[in-house]
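Structure first, commentary second.
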Amino acid sequence: MKKGLLCLLVSASLLLLTHHSVAQASTVTGRVLNSLNQPLQGVSVKIKTSAVATVTNEAGVFSIAARPGDVLQFTYVGFDLVEAPVVSGSIPDIIMKQGMANLNEVVVIGYGSARKKDLTGAVSTIGTKDFNRGAISTPEQMITGKVAGVSITSNSGQPGAGSTIRIRGGSSLSASNDPLIVVDGVPLENSNIPGASNQLSLINANDIESFTILKDASAAAIFGTRASNGVILITTKRGSTGKVRVTASSVNSVSVVTKNVDVLSAGQFRDIVSKNGTPAQVAMLGSANTNWQDEIFRTAFSTDNNISVTGGINKLPYRFSIGYQNQDGVLKTDNLQRTSANLVINPSFFDNHLKVDVNLKGTLQQARFANQAAIGSAITFDPTQPVRVRDGDRFGGYYEWLDPASATGLMALAGRNPVGLLEQRFDEGRPSRAIGSVKLDYKFHFLPDLHAVVNAGLDLSEGKGTVYVSDSAAAGYVAGGNGGENNRYRQTKKNSLFEFYFNYVKDLKNIQSRIDVTAGYSYNNYLSTVYNFASFTARGDKYPNTDPAFPFNKPENTLLSYFGRLNYNFMDRYLLTATIRRDGSSRFAPSNRWGTFPSVALAWSMKEESFLKNSNTISDLKLRLGYGVTGQQDGIGNYDYLAYYSLSSGSAAYQFGDTYYQGFRPGGFYANRKWEETATTNLALDFGFLNDRITGSVDFYYKKTSDLLNNIPQPAGTNFAAFIVANVGDMTNKGVEFNINTKPVVRKDLEWNVGFNVTYNKNNITNLTVVPKDKNYPGFPSGAIAGGIGGQFAFINAVGGSRNTFYLYEQVYDKDGKPLEGVFVDRNEDGIINQNDLYKGKNSVPEVFMGFNTSVTFGKWNASTALRANVGNYVYNNIYSQTGTRSQILGNSVLYNTSTNYLETNFNGNSQELLSDYYIQNASFLRMDNLNLGYDLRRGFKHYNMRLSATVQNVFVITKYKGLDPELSGGIDNNFYPRPRIFSLGVNLTL
Amino acid sequence: MITRKALNMKQQSILLTISLAGVLLITACTKKLDLVPTNDLTADIVYSTPLGYKQALAKVYSAFALTGNTGGVGSPDIPSQIISDEGNSDFLRLYFNLQELPTDEAGWTWQNDAGVRGMKEMSWSATNPIINGVYYRSFFQITLANDFINQASDERVSSRGISGADADAIRKYRLEARFIRAYQYWVLMDLFGNPPFVTEETAIGSGIPEQISRAKLFDYIESELKAIEPEMVAARANEYGRADQAAVWALLSRLYLNAKVYTGTERNTDAITYCNKIITAGFVLHPNYRELMLADNHLNTDEFIFTIAYDAAHTQNWGGTTYLAHGPAAVPGSISGTSGPWGGLRHTHTFVNLFADPSGATDKRAQFYTTGQSLIMNDLYTEKDGYSSSKYRNVTRNGSPAPNADPAGNWADIDFPIFRLGEIYLTYAEAVLRGGSGGDINTALGYINALRTRAYDGSTTGNIQAGQLTLDFILDERARELYYEAQRRTDLVRYDKFTTSSYLWAWKGGVFTGRQVDARYNIFPLPSTDLSSNPNLEQNTGY
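Listed below in C-alpha cells is the structure:
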C-alpha cells in the first residue's frame with residue numbers, strides 16, 4: 000500500500016509540475032450577496048461553457064479566470080441559479096434569491112455526488128450557515144439538534160470530549176452503534192487514539208464546509224459493510240482561484256459550572272455525625288467548612304483562533320488554514336491545546352478533463368487530562384476537613400485520612416483528597432494526526448460522459464503521553480516512599496484507503512431519461528501498533544514484574560469492496576436508485592468472509608406531474624420509497640474466527656518449583672461468525688409550499704437487524720470464553736422523522752427562519768437466543784452501577800423490550816410516599832425477594848427527541864437560537880443510590896459525605912437499595928443549546944467584512960431530573976463531568 | 000466523440016500514468032484478507048517445545064489462582080457479563096464465598112456487593128453472580144484441561160518431534176491436567192449436583208453438552224482419579240505447586256467421605272484407605288498452627304498436600320489469599336501485613352462460641368480480632384458486629400515481609416492449601432466413627448489429639464477422651480481446625496445441618512436466631528445463562 004500511495008503522490012506531483020497552457024484569460028472579480036445584501040459564502044461560480052469554477056469566500060467575494068463574453072453561472076444551495084456575462088475585470092454585485100429552483104443543487108453522497116432532485120434516499124445536509132456557533136471543540140457539536148433522526152449527546156463537559164452519535168437508534172447490540180464517519184472521502188476508523196479525548200477533536204471544526212448524513216439503506220448501502228448505523232460525510236472547505244483572500248477569526252470564551260451535586264453542608268454533616276456517630280467518629284470531625292466541589296471546579300477560559308488563506312497560484316486553487324485552540328476545562332488542571340493546519344489544492348488540467356484534489360490535514364494536540372476521580376471524591380469527601388494541612392508535607396501538604404497502624408500511614412480504602420487527586424497527577428497526552436488524500440478525477444477525452452476516479456488516502460495518527468503521579472501523593476503512596484507513577488504509553492495508527500471507480504452520466508433526451516452509473520473498487524486497511532511498557536515509580540524505578548509479555552502488538556483488519564450504483568431518472572418524475580456492494584472482511588473466516596448488500600429505491604416527483612406543475616401553493620412534492628440491506632462488522636475482534644493462545648504477563652505467572660512460568664491461554668473463538676445485517680425500509684414524503692417558504696419532509700422507517708453480532712453465553716465447557724460474539728438474535732427499530740423549515744418573514748431588511756425536527760424511534764429486541772425466544776434466558780445485563788464491589792447492573796437487554804431497559808426491584812412506599820428501606824415487591828410471589836423479582840421497567844433511551852432552531856436577520860443584526868428536547872427517557876441516579884445513606888457517612892473506616900437525598904429517605908444503607916427502582920428518575924428535558932447574536936460590521940469597502948458575535952451555549956435546561964444533568968448517553972448518573980455554560984465572543988474578519 | 004488518435008502525446012502520457020498508477024495500486028492493495036495476530040500464537044507454535052507445554056500447563060494451574068492473563072486486572076478469564084469486577088472472578092474468592100458465607104463461619108459486610116445479598120439469607124437464585132462465577136470458573140479450568148489433555152496426547156507430542164525425557168515429563172503434565180479436571184468436577188458435583196459434562200472429546204466452539212447426574216459424575220471422578228493414581232509423580236516428589244499422588248489420594252478421601260451425599264451410599268472404608276496412604280507417605284503436622292497461613296507457608300511442605308500458589312510479584316490478583324488477608328473487618332494492616340482491611344468478613348457468634356476459650360490464649364486456632372468488634376453479630380451488615388479473624392497474615396514466620404512482598408501492600412504471598420494433613424486426620428476419624436473399616440478408634444483419637452496438642456501449643460490440656468470423640472465433636476473440631484479454608488458448607492451438608500433446624504446459627508436464613516430453610520439450598524441452582532444456551536440442561540429441583 001505504501002508503495003502504491005507513493006506512486007500516486009509522485010504521479011500527482013508530476014502532473015502538477017507539468018507546464019501547460021490554457022487560452023489567455025484575465026481575472027474577473029465580484030461579490031455575491033443575498034436579498035438582504037449579506038455576503039454569501041460558498042457560492043459556486045462556474046464559467047458556463049467550461050469547467051473552470053471557484054467558490055466565494057466568507058465575504059462573498061470570488062475571482063475567476065474568464066474571458067470577456069464568458070457567462071458565469073452562480074449556484075448555491077437553496078438559491079435560484081443566476082447567470083451573468085463577463086464584460087470587464089469586475090462585475091456588479093450578484094444578488095441571489097432563495098427560491099424553489101434549488102433542484103440542481105448537488106449533494107455529496109458516497110462515491111460521488113448527486114443532484115438533490117435525483118435523491119431517492121434519506122439524506123440530510125447541513126452547511127456552514129446552519130452550524131451551531133460559539134466555542135466548538137469537536138466538530139459534531141456544530142450539528143447537534145439539527146437533523147431529524149440523529150441524536151448527538153456529548154459524553155461530558157471535558158474539553159474536546161466526544162459524543163455518542165446515534166442515527167435512527169443504532170442497529171446493533173454488541174457490535175458498534177456508531178455511524179461511519181468519512182472525512183473528504185477517507186473513512187475514519189471507529190476507535191479512539193490514546194492521549195486524545197475523542198478522535199474527531201483532532202479535526203478543526205473551522206475547516207468544515209458541510210456535513211451530509213445518509214440515514215437509510217438506499218442512501219448508505221453504497222458503504223455496504225459499515226452503513227448499518229448511518230454514514231456522516233464531512234466535507235472540508237475548498238480552494239478557489241483568484242486573488243488572495245485572508246480570513247481570520249477568533250472566539251474567546253468563559254465556561255462556568257452552573258450546578259453542583261447536592262450534598263450535605265459541613266454543618267448538616269456535623270449534626271448527623273454528632274447525633275449518630277460513635278465517640279471515635281465524632282472525634283474524626285474536623286473544624287473546616289469545605290465545599291469540595293467548589294475546590295475542584297473553576298471558571299475556565301478558552302480561545303480559538305484561525306486564519307485561512309485562499310487563492311490561486313498559477314491557476315492552482317488552494318486553501319490553507321491554521322488554527323490554534325487553547326481550552327481550559329472547568330475541572331481544575333484540565334487543558335487542551337490544539338494546533339492544526341489544513342492545505343487543499345484543487346487544480347484542473349487539460350481543459351478540465353483532469354481534476355485533482357489534494358487534501359492535507361495535520362493536527363498536534365497537547366492535553367493535560369484532569370483526574371476525573373476527583374469529581375466523585377469531591378462529592379463524598381468529609382466537608383469538615385480542610386483542603387490542606389499545615390504540618391508536614393508527607394502527602395504534598397493535602398489533608399488525607401491517616402492510620403498509624405498501616406505501613407503507609409494512610410487509611411486503606413479511604414477516599415483521597417480531591418484537590419490532591421487533581422494537582423498531584425499529571426496525565427499528559429500529545430496525540431497527533433495527519434490525514435492526506437489525493438483524488439484524481441479524469442474525464443475521458445474520447446468519452447466525456449465517463450469519469451475515472453482514483454482516490455487514495457492515508458490517515459496517520461499517533462497517541463502518546465505520560466502519566467506522572469508524585470511519590471508523595473496519597474493516591475500512589477507506597478511504604479518507604481518510592482511509589483507514585485511515571486508511565487508512558489504510545490500507539491500509532493495507519494489507515495490506508497484506495498478507491499477506484501468509473502462514473503458514467505448520460506442525458507438520453509430522446510427517451511427523456513438520464514442515467515448515472517458508478518462502479519468501483521475499494522480497499523481499506525486499518526493497522527494499529529500498540530506499544531507496551533513496564534510500570535515505573537515516580538523516581539523512575541521499574542516496578543517488579545511489570546515488563547509486558549510483548550513490546551508491542553499490531554492489530555489489523557482489512558476490508559475489500561466492489562460496488563455499483565445506478566441512478567435512473569425518467570422525465571424528471573420517476574427516479575430509481577439501485578446499489579450493490581460486495582464486501583470482504585478479514586474479521587471473518589474465509590467461508591463467511593464475503594457479504595453482498597443491495598438496495599433499491601424509487602421516487603416519484605409529483606411536482607413535475609401536470610396536475611401540480613403549475614400549482615403556486617405546492618412548490619415541491621416527492622414521494623420516496625427505499626429498501627436496502629447493510630452490513631456490520633465493527634466492534635468485534637479482529638481474529639476471533641481462529642484459535643489463538645496468548646501469553647500471560649510476568650505478574651500473572653504461576654510457580655512450579657522455584658520458577659514462575661508465564662502461561663499460554665487459549666482464546667475464545669467462533670469460526671462461524673458472519674456479517675450482521677440490517678434491512679431498512681424507508682417511506683418518505685418531501686414537500687415544499689409557497690415557493691418553498693415552507694419545506695420539509697416526513698420519513699417512516701423500519702429497520703430489522705438479523706444475525707445480531709451478539710455477545711452471548713456459550714454452553715459451559717464448549718469454549719474458552721464463556722461469552723462470545725456470535726450471530727444470534729434479531730432487533731428492530733421503527734420510527735418517524737419529521738422536519739420542517741419555514742421562513743415566516745422574508746423582507747428586504749428582515750428575514751426570519753424557523754426550523755423544527757422531531758424523531759420517534761422505538762427499539763425492540765425480538766430474539767436473543769439460539770433456541771428462539773428461550774424463556775430461560777432473562778437477557779443480558781448492562782449499565783454497571785457504582786457502589787458495592789463485584790458490580791451490579793441497572794439494565795437488561797431482553798426479548799420484548801428495548802435496549803437498556805431498567806431491571807430493578809420495585810420499591811414499596813409507606814402511606815406518605817416515603818420509600819421503605821429494603822422493602823420490595825415480591826413480583827413472583829414466591830415469598831422471598833431475590834434476583835427473580837427484578838422487573839423490566841422504564842427505559843434510558845428517549846423514544847422522542849426534537850430540535851428547534853430559529854434565526855432572525857435584521858439589517859446588520861442576526862440573532863439565532865437552538866433548542867433541543869428529549870422525551871420519555873429515564874436516568875438511574877447513582878449518586879443518590881450510592882451515597883444517600885447513613886452508612887455512607889458512618890459505616891466506613893472514615894467519614895464520607897452523602898447526597899442530600901439521605902435527608903429525604905433516612906436510609907441506613909443496610910439493604911439491597913442499590914437495585915431499587917426508587918432511583919430511576921424522569922430525565923426528559925428541554926435544553927437551550929445555543930443563543931447567538933451577531934453583527935455585520937461592513938464598511939463601504941466591499942472586499943472587507945467583519946462580523947462580531949456573542950454566544951451563550953448550554954443556556955438552560957428544564958427538567959424534572961433531580962441530579963446534575965439529565966442528558967446522559969449511558970443512562971446512569973455517576974461522577975459526571977458537568978457540562979459548563981459557555982459565554983463567548985467572536986470576531987471574524989475577511990480581507 | 001473524440002477518438003484515441005485525437006489525443007496528443009501529452010494526454011496519452013497522462014492517461015498512461017493514471018492507468019499505470021491504478022494498476023500498481025490495485026496490485027499493491029489486493030492484500031489478502033488472511034491476517035494473523037502479532038503476538039498470539041497457534042497451537043502448533045505453542046506446543047512446539049517442551050517449554051511451551053509447561054507454559055500451557057502453567058495456565059491450567061494458574062486458572063486456580065489468577066483472574067486473567069495480566070496481574071491485577073486487565074485481561075479477564077471470566078467475562079464481565081458473569082462477574083463485572085474481574086477482581087472477584089478467581090476461583091478461591093468465589094468458592095470461599097459459597098462455602099463460607101451461608102454458614103456460621105462468615106458474614107460479609109457489604110451487602111451491595113454483587114451476589115452477597117441472599118447468601119447468608121439462603122435465598123439465592125439462578126442469576127446470582129457468585130454462584131455463576133464459580134460455575135464458569137470451574138468450567139473454564141475444565142475446558143483448559145481438556146484442551147491440554149488433547150494437545151498432550153502421545154500422538155501429538157511425538158508428531159511435534161518431542162520424545163524421551165521431555166515426552167515423559169509431558170505425560171506427567173497430562174495426568175495432572177486430568178487431576179485438576181477431576182477436582183473441578185468434584186467442586187461442581189458438590190455445589191451444583193448435576194452439571195453439564197464435557198471431556199477432551201468435546202469439540203470446542205460447537206456442540207451442546209449433555210447433563211450428567213450427580214451419581215454418574217461421582218463414578219467418573221472416581222474412575223479418573225483411580226486411573227491416574229498409579230502414574231502420577233510419587234507423593235511429595237513433584238515440584239512445588241504441582242499435584243502428586245498424595246493430592247489424588249486426598250481428593251479421593253474427600254470424595255468418599257461425602258459419598259452418601261452424592262450417591263446415597265457410604266464409602267467410609269475407601270475414605271480411610273486413602274487417608275492411610277497419605278499418612279504413611281511421610282506427612283506430619285506442622286508444629287505451629289499459627290504458621291499455617293503466612294506469606295512463607297510454601298515452606299509447610301510437612302503438612303501441605305496440594306496448594307494454590309500465590310506470589311505478590313508474580314501471581315497477582317484481587318481474590319485468593321489477597322482477599323483472605325484483606326477481607327476480615329478491622330484487622331489493622333500492621334497485623335495482616337497488608338495496606339489495611341476491606342472491612343468485610345466477620346464471624347457469627349455461633350461459630351466463635353464453638354471455642355471453649357475464644358481468647359486464643361489456650362487454643363491457638365482462635366485467631367480472633369476483637370478490638371472494636373462485638374462478639375454478637377447483631378446486624379448482619381455492620382462491620383463492627385462479630386469478631387474478625389487474623390488467620391491469614393501476609394508476613395513471614397519471623398514477622399518480616401515476604402521476599403517478593405508488594406510494597407503497596409495489596410497482593411498477598413500466602414499460599415492456600417486445598418488439602419493438608421489436618422483435614423486428613425479429621426476425615427480419618429470421622430470415617431471410622433461412621434463405621435468405615437481399615438482404621439480404628441484409638442488411632443482416630445490419636446490423630447484428633449495430635450491436632451489439639453498442636454492447637455494448644457504442645458500442651459495436652461486440650462486433649463479429649465475416647466468418650467468425647469463423637470461425630471458432632473468432629474464437626475465442631477473441623478470448624479475450629481479448618482475455618483476459613485472453604486470447607487464448611489460441604490461439612491454441614493454431610494451432617495444434614497446446612498438447611499435443617501438441627502443446627503441454627505446467627506442469621507441462618509436471614510433471621511438473627513437462625514431458621515430452617517428449604518432443602519433445595521443444599522445445592523446451588525445451575526446458572527440461568529447456561530440453561531438458556533444449553534437446552535440439554537434441567538434446573539436443579541426447587542429452583
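Sequence order for the protein chains is A and B. If you're matching positions, the first sequence starts at 0 in numbering that gives the first Met the number 0 and goes up one per residue. If you're matching positions, the second sequence starts at 0 in numbering that gives the first Met the number 0 and goes up one per residue. Ideal Cβ placement from N, Cα and C applies to all residues, glycine included.
Coil, strand or helix - B/His297 by DSSP: To locate residue 297 of chain B, count along the second sequence from 1; it is residue 298. If DSSP states are grouped into helix, strand and coil, B/His297 belongs with the helices.
Short CB-CB distance (under 9 Å) between A/Tyr901 and chain B: For the purposes of this step, residue 901 of chain A is taken as residue 902 along the first sequence, with counting starting at 1. With 9 Å as the cut-off, A/Tyr901 does not count as an interface residue toward chain B.
Range of the contiguous beta strand (DSSP E) that encloses A/Pro818: Sequence index remark: in the first sequence, residue 818 of chain A carries index 819 (1-based). Looking at the DSSP string, the run of the beta strand (DSSP E) that includes A/Pro818 is Pro818 to Phe823.
Inter-residue CB distance, B/Ala181 and B/Ile220 (contact presumed, cutoff 8 Å): Within the second sequence, residue 181 of chain B is the residue found at index 182, counting from 1. Within the second sequence, residue 220 of chain B is the residue found at index 221, counting from 1. Taking a contact as a CB-CB distance under 8 Å, the pair B/Ala181 and B/Ile220 counts as one, their CB atoms being some 5 Å apart.
Within 9 Å, strictly: CB atoms of B/Ser358 and B/Ala407: What you label residue 358 of chain B is simply residue 359 of the second sequence in a count that begins at 1. What you label residue 407 of chain B is simply residue 408 of the second sequence in a count that begins at 1. Taking 9 Å as the Cβ cut-off, B/Ser358 and B/Ala407 do not qualify as a contacting pair.
Any chain B beta carbon closer than 9 Å to A/Ile831: Along the first sequence, one-based indexing puts residue 831 of chain A at 832. Interface residue, yes.
Cβ neighbours of A/Phe719 in the same chain (closer than 7 Å, five flanking residues each side left out): The sequence position of residue 719 of chain A within the first sequence is 720, counting from 1. Cβ neighbours of A/Phe719 within its own chain (closer than 7 Å, five residues either side excluded): Pro665, Gly666 and Gly667.
Per-residue contacts from A/Asp773 into chain B (C-beta, under 7 Å): On the first sequence, residue 773 of chain A is found 774 positions in, with the first residue counted as 1. Neighbours of A/Asp773 on chain B, chain order: Ser531.
Under 7 Å by beta carbon: chain B residues contacting A/Pro777: On the first sequence, residue 777 of chain A is found 778 positions in, with the first residue counted as 1. Within 7 Å Cβ-Cβ: Thr126 and Ser527.
As assigned by DSSP and simplified to three states, the class of A/Ser210: Position 211 of the first sequence, counted from the start, is the residue given in the question as residue 210 of chain A. Position check: residue 210 of chain A holds Phe in this sequence, whereas Ser was assumed. Note: A/Phe210 maps to strand in three-state DSSP.
Which of helix, strand or coil DSSP assigns to A/Trp291: Stepping through the first sequence from its first residue, residue 291 of chain A is reached at position 292. Here A/Trp291 sits in helix by DSSP.
6 Å CB neighbourhood of A/Tyr567 in its chain, flanking five on each side removed: Against the first sequence, residue 567 of chain A aligns to sequence position 568. Excluding sequence neighbours, A/Tyr567 sits near Ile514 and Leu575.
Min CB distance A/Phe562 to chain B below 9 Å: Looking up residue 562 of chain A in the first sequence gives position 563. Not one chain B Cβ lies under 9 Å of A/Phe562.
Per-residue burial, A/Asp69 [other beta carbons within 10 Å of its own, 16 or more giving buried]: As a position in the first sequence, residue 69 of chain A is number 70, starting the count at 1. Classification of A/Asp69: buried, given that the 10 Å Cβ count is 16 or more.
Beta-carbon spacing of A/Trp860, A/Tyr934 below 9 Å: Your numbering for residue 860 of chain A matches position 861 in the first sequence. Your numbering for residue 934 of chain A matches position 935 in the first sequence. Yes. Within cutoff.
Distance, B/Leu143 Cα to B/Gln315 Cα: Here residue 315 of chain B is taken as the residue at index 316 of the second sequence, counted from 1. Here residue 143 of chain B is taken as the residue at index 144 of the second sequence, counted from 1. If you take the alpha carbons of B/Gln315 and B/Leu143, they lie about 20 Å apart.
At least 3 beta-carbon pairs within less than 8 Å: the stretch 706–718 of chain A vs the stretch 743–759 of chain A: In short, these stretches do not touch, since the Cβ pair count stays below three.
Validate contact between the stretch 341–360 of chain A and the stretch 301–321 of chain A using beta carbons, cut 8 Å, 3 pairs: With a cut-off of 8 Å, the stretch 301–321 of chain A and the stretch 341–360 of chain A count as touching, because enough Cβ pairs lie within range.
Of the listed residues A/Thr897, A/Asn929 and A/Phe823, nearest to A/Gln911 (C-alpha basis): What you label residue 911 of chain A is simply residue 912 of the first sequence in a count that begins at 1. When only C-alpha atoms are compared, the closest one is A/Phe823.
Chain B residues whose Cβ lies nearer than 8 Å to that of A/Asp402: Residue 402 of chain A sits at position 403 when you count from the first residue of the first sequence. What A/Asp402 touches in chain B: Pro331, Gly332 and Gly339.
Straight-line Cα distance separating A/Val42 from A/Gly519: To locate residue 519 of chain A, count along the first sequence from 1; it is residue 520. To locate residue 42 of chain A, count along the first sequence from 1; it is residue 43. If I take the Cα positions, the gap works out to 30 Å.
Residue from B/Gly160, B/Glu175, B/Asp43 and B/Arg451 whose Cα sits closest to the Cα of B/Ala226: As a first step, residue 226 of chain B must be located in the second sequence, where it is residue number 227. That would be B/Glu175, whose Cα lies nearest to the Cα of B/Ala226.
B/His297 at chain A interface by Cβ criterion, 9 Å: If you number the second sequence from 1, residue 297 of chain B lands on position 298. Output row for B/His297: interface = yes.
Distance, A/Ala58 Cα to A/Val86 Cα: As a working note, residue 86 of chain A is residue 87 in the first sequence. As a working note, residue 58 of chain A is residue 59 in the first sequence. Rounded to the nearest angstrom, the two C-alpha atoms are 22 Å apart.
Enclosing alpha helix (DSSP H) for A/Asn877 [first to last residue]: The residue you call residue 877 of chain A lines up with position 878 of the first sequence. Looking at the DSSP string, the run of the alpha helix (DSSP H) that includes A/Asn877 is Asn877 to Thr882.
Segment contact flag, the stretch 489–508 of chain A with the stretch 453–468 of chain A, C-beta cutoff 8 Å, min 3 pairs: yes
Sub-9 Å separation of A/Thr517 and A/Phe562 beta-carbons: The sequence position of residue 517 of chain A within the first sequence is 518, counting from 1. The sequence position of residue 562 of chain A within the first sequence is 563, counting from 1. In contact: A/Thr517 and A/Phe562 (Cβ atoms closer than 9 Å).
CA-to-CA distance, A/Gly419 to A/Gln384, given in whole angstroms: For the purposes of this step, residue 384 of chain A is taken as residue 385 along the first sequence, with counting starting at 1. For the purposes of this step, residue 419 of chain A is taken as residue 420 along the first sequence, with counting starting at 1. Looking at the two C-alpha atoms, the distance is approximately 13 Å.
Residue from B/Glu382, B/Gly457, B/Thr469 and B/Leu420 whose Cα sits closest to the Cα of B/Leu444: The sequence position of residue 444 of chain B within the second sequence is 445, counting from 1. It is B/Thr469.
Min CB distance B/Pro416 to chain A below 9 Å: Within the second sequence, numbered from 1, the residue matching residue 416 of chain B stands at position 417. No, because no Cβ of chain A sits closer than 9 Å to the Cβ of B/Pro416.
Buried or exposed (CB count within 10 angstroms, at least 16 for buried), A/Pro403: Counting from one through the first sequence, the residue named residue 403 of chain A turns up at place 404. With fewer than 16 other Cβ atoms within 10 Å, it is exposed.
Element boundaries [alpha helix (DSSP H), containing A/Thr694]: Numbered from its first residue, the first sequence carries residue 694 of chain A at position 695. It is not in any alpha helix (DSSP H) - A/Thr694 instead sits in the beta strand (DSSP E) that spans Ile693 to Ser705.
Within chain A, the residues that B/Pro406 reaches when beta carbons sit closer than 8 Å: The sequence position of residue 406 of chain B within the second sequence is 407, counting from 1. Residues of chain A passing the Cβ test: Val477, Ala478, Gly479, Asn481 and Gly482.
Any chain B beta carbon closer than 9 Å to A/Ile378: Within the first sequence, numbered from 1, the residue matching residue 378 of chain A stands at position 379. Taking Cβ atoms only, chain B never reaches closer than 9 Å to A/Ile378, which makes this a no.
Own chain residues within Cβ distance below 6 Å of B/Arg451, not counting five before or after: Locating residue 451 of chain B in the second sequence gives position 452, where the first residue counts as 1. Excluding positions up to five away in sequence, the list reads Gly461 and Asn462.
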